Structures are given as C-alpha cells and as structure tokens.
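First comes the structure, then the notes that go with it.
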Amino acid sequence: VGTVSVLIILLAGCGAREHDPAADPMLKAVLWQQAAGESRALQHQAYRLARMRLDDLLAEGRFVRKPAVVVDIDETVLDNSPYQARLIRTGTHYPEGWAEWCARAEAEPVPGALDFLSYCRKKGVVVFYVSNRRESTREGTVKNLADHQFPFADNPHVLLRGENTTKEMYRQKIHETHEILLLIGDNLNDFSAHFYEKPAGSRNSAVDSLAREFGNRFILLPNPMYGDWEGAVLNYYWNRSREELDQTLLNALTDY
Ligand SMILES: [Mg+2]
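Residue numbers for the sequence shown follow the numbering used here, beginning at 109 and rising by one.
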C-alpha cells in the first residue's frame, strides 16, 4: 500500500496541473467571437462596406482584366469558434484536433459572407478563397463551403497552403489574370506581404502607412481568438512552454 501511495503522490506531482476551462486565457476572446452581438455586428459591417466598395469599383470600371475578390476562409467566411471552444473545454492547443474539425465540414458561415459573395457572383465578379489551411484539408474545406452554397466553392478557386506556397504568391498569380478589386480577411497577412513575420511594432507602423487601404481595398474582420498578431507579440518564437508563452504575452501588455 505504501509503495502505491508514494507512486500516486509522485504521479500527481509530476503531472500537469489540472486544466480549469474557466481560467483559460482564451475564454473571453472565444466567447466574444462566438456570443457577442458586437462581433456579429462588425462582421455584418465589414461585408456591408465590402458591398459598397464593390459597387463603387464596378461603377468606376477602371479595369481590363476580369474582376475578382480574394477572401480568406477561417474567421472570414467560415466560423471556427466551436473548434476554439473545444480547445478551452479540453485544455488542448492548436493544431490538436484541427484536421478533424476541417474534415467534419461543419463550420457555419460568418454573418454577411454568404450574401456578399453571392452578390459578387451575380455582378460577374469571381471569388478566390486563399487560405492557410493545408492542402490535406481540401476535401472537407471545399465540401464545407459548397454545402453552404458559397459561390466558386471548387478546386480551382479554393487555394490552400502547399509545401512552398504563400498567400502573396497566390495573390500575384490571381493578379496575372484578374483585377483584384478587394481583399477580405481577419489577418493582416490576408492583405499584403508587408506584414509577413514583422515584429508587432513594425506591423503597427505598416498598418499606419497603409491606413487608406482599410475600408478601401482591404476589408478587415474581427478575430481576437488567434492570428499573426499573437505571433508578432511572441516574436514568432512559439517553440517554448505554455507558461513561457503566457508570461511573454503578459509582459507585452502596456501599463501606465
Ligand atoms: Mg483567417
């Protein structure tokens, strides 16, 4: 009995602290994205603005190539907050369970997205989905989009991350044959390579210098759950313990 007790105490001591979902640092961000009317209103607002801009640009008609819009997928046209909620519930972290979530093809459309993209098709504007989802998720991703009747939800228009591809490469490729009227996303990297792997400060300066593009050619959606903003704060140094990551995030706060 003694040996067993000691063993149990040792195991309890060595094991990770018990996960408390209510104390998870992600709780409020995910809840906001999922449950706040404000998040929903911002999504509608973004797509309403996109439609106004599209109408203006089509009326100006200053393009010779076929008009197109480029949209990101995650947190732009598909809502993955149930996946994020599951991470909180189970105390796990991306990418655990991500491939399975994509394969389920169960993500709901982001409010406003389906209406806007259907409007694009009606106006003769091609939609390209440019996503950092991996090629291995293609089947579930295309199915998820097609099940909700998203326009152009087919292999030629759904461009996913391969071994040596970047969103910028896809944007340039599309630009060869199409006039990209609008770029829509929840991550600065959805708009321009200017933001790629920049530290948080330079990222913010780049936003200021490109300020006139936001609400113009760039349409941004809210996502406090994850994104390259977090990598930027961490200097893209993810390979450390969860405690160290959380401490680095805390240290990055500006106090008075
Ligand atoms: Mg996204």
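Don't be surprised by glycine CBs; every beta carbon is placed ideally from N, CA and C.
These numbers come from a predicted model, not from an experiment.
- Under the 10 Å beta carbon count, Leu268 is surrounded by 16 or more other beta carbons and is classified as buried.
- In the three-state reduction of the DSSP assignment, Pro175 falls in the strand class, which pools E and B.
- DSSP places Phe322 outside any beta strand (DSSP E), giving it a letter other than H or E.
- Linking Leu353 to Val234 through their CA atoms gives a straight-line distance of about 41 Å.
- Taking Gly220 as the centre and dropping the five residues before and after it, the same chain places the C-beta of Gln151, His152, Tyr155 closer than 6 Å to its C-beta, in chain order.
- If you keep only unbroken alpha helix (DSSP H) runs of at least 4 residues inside the stretch 171–245, you get 189–198, 206–212, 221–230.
- Counting along the chain, Glu284 sits inside the alpha helix (DSSP H) bounded by residues 275–285.
- For Arg156, no pairing in a beta bridge is given by DSSP.
- Ranking Trp337, Asp255, Arg159 by CA distance to the CA of Lys231 puts Arg159 first.
- As the crow flies, the alpha-carbon of Lys281 is around 46 Å from that of Asp128.
- When DSSP states are grouped into helix, strand and coil, Arg161 belongs to the helix group.
- Distance from the CA of Arg173 to the CA of Thr356, rounded to the nearest whole angstrom, comes to 47 Å.
- C-alpha of Asp255 to C-alpha of Gly309: approximately 40 Å in a straight line.
- Collapsing the DSSP output to three states places Gly293 in a strand.
- Look at the beta carbons and you see the stretch 270–277 not touching the stretch 187–203: under three pairs across the two are nearer than 8 Å.
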